[in-house]
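Beneath this line is the structure, given in C-alpha cells, with notes to follow.
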Amino acid sequence: MSHLTQAILLGLLGGYCHFDWWIGCPYLNRPIILAPLAGAIMGDFQTGLYLGAILESYFLGNVVIGGYQAPDAGVSSILATAFTISAGLDTNAALLLAVPIAVITTSLQDILWALYSFSSKIADKYAEEGNDKGVYLVMFLEGIGNILLKFLIVFLAWMYGSETVVALVNKIPEPIMNGMANAGGVLPAIGMAILISMIMNKNNAPYFFLGFILVAFFNMPTIGIAVLGMIIIYLRFDLGSIAQSLRTGDVATAVAGAEEDEDDF
Numbered sequence: 002m003s004h005l006t007q008a009i010l011l012g013l014l015g016g017y018c019h020f021d022w023w024i025g026c027p028y029l030n031r032p033i034i035l036a037p038l039a040g041a042i043m044g045d046f047q048t049g050l051y052l053g054a055i056l057e058s059y060f061l062g063n064v065v066i067g068g069y070q071a072p073d074a075g076v077s078s079i080l081a082t083a084f085t086i087s088a089g090l091d092t093n094a095a096l097l098l099a100v101p102i103a104v105i106t107t108s109l110q111d112i113l114w115a116l117y118s119f120s121s122k123i124a125d126k127y128a129e130e131g132n133d134k135g136v137y138l139v140m141f142l143e144g145i146g147n148i149l150l151k152f153l154i155v156f157l158a159w160m161y162g163s164e165t166v167v168a169l170v171n172k173i174p175e176p177i178m179n180g181m182a183n184a185g186g187v188l189p190a191i192g193m194a195i196l197i198s199m200i201m202n203k204n205n206a207p208y209f210f211l212g213f214i215l216v217a218f219f220n221m222p223t224i225g226i227a228v229l230g231m232i233i234i235y236l237r238f239d240l241g242s243i244a245q246s247l248r249t250g251d252v253a254t255a256v257a258g259a260e261e262d263e264d265d266f
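Position one of the sequence shown corresponds to residue 2 (my numbering), numbered consecutively onward.
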C-alpha cells in the first residue's frame, strides 16, 4: 500500500471520529475500535488490536463535561498506532505519543469552534426569521468543518510527519526509550484510576469489587463478566416498562422508573 493511500485511509478514520456523532454516537470512535483499523491499514492488525486495548484503558475516563473538551482520544489513537508500527516502537511508548497528539488536536478543534461563533450568529438570524432550513444548513456545514479538520490533521500528520517521527525516534538513546516504555506502561493504571474516581459510589462499589474478585481469584473471562453484568442489569431494572415509556415519548416516566429501581436497590 502506498504512503498516499495510507494517508487517505487514516485520514478517513480521523474524519469518522466526528462523524460518529451524526449517526447516534454509537461510540465507534473509541481507541479500541480505531487503533485496530489503523493497524490493519499499516499492515499489522495484531499490534493495532493490542494498542487499542492499551489506549482505551487510558482514555476510559476521558469524557466531556459541560464546556470542558477532553483530549481527542480518536485522532490520537490513529496517529499513535500508525507511528508506533512504522517506527517499530515499544507498544507502551504509544501512549507517550498519543497524549500530546490528543491535546494538540483538541486545541485545534477549540480554535475552529471559536470561529463558529461567527457562523452561529448567522444561524441565530435564520432562527429569528423562522428559516429552519437555514439553521440546519449552518449546523450541517459546521459539522462538515469538524470532519474535515480531523481528516486533515491525520492526513497531513502521516503524509508529511511520519518520516520525521521515525527519524527522531531512531536518534533517541536506548535507555531513554526503555524509560519511555516503562512510563507508558503506568498510564493505563492512571486512566483506570480516573475512571474509578468518577463512577465509584456506594451503589457501584459492590459491582466493581465483585468483578475484581471474579477475575483475580476465579479467573473468569471477560465475556463471562459481561454476561453477568447484563443479568444484573436485567434483574435491577424493569427494562420493558422503561423502553415502552421511551417509545411513547414519556421520558419523565422512564427516568422516574430507573430512579425508583435505583432507590429500591
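Don't be surprised by glycine CBs; every beta carbon is placed ideally from N, CA and C.
When C-alpha distances from E164 are compared across I86, L196 and L13, the shortest belongs to I86. An exposed status is given to L169, since fewer than 16 other beta-carbon atoms sit within 10 Å of its beta-carbon. Contact between the segment 46-61 and the segment 5-19 is absent, with fewer than three C-beta pairs closer than 8 Å. If only uninterrupted alpha helix (DSSP H) runs of at least 4 residues are considered, those enclosed by the segment 161-218 are 175-200. Distances from the CA of L109 to each of L98, I154, R237 and M160 were compared; the closest alpha carbon is that of I154.
Under the rule that a run must span 4 or more residues, the alpha helix (DSSP H) segments found entirely inside the segment 20-98 read 32-42, 46-60 and 74-88. Going by beta carbons, L97 and L56 fall outside the 8 Å limit.
With respect to the 8 Å criterion, A128 and T82 are not classified as neighbours on the basis of their beta carbons. Excluding the 5 residues flanking it on each side, M221 has same chain C-beta neighbours closer than 7 Å at L215, in chain order. Setting aside the 5 residues that flank it on each side, I42 is surrounded in the same chain by M2, Q7, L10, L11, L14 and A83, each with a C-beta closer than 8 Å to its C-beta; the list follows chain order. Spanning the alpha carbons of H4 and I105 requires a straight line of approximately 23 Å.
Less than 8 Å separates the beta-carbon of K151 from that of C18. Every unbroken stretch of the alpha helix (DSSP H) spanning 4 or more residues and falling wholly within the segment 88-161 is given here in chain order: 95-129. Nearest to A88 by C-alpha distance, out of T48, P176 and F141, is T48. The criterion of a C-beta distance shorter than 8 Å is not satisfied by A99 and S121.
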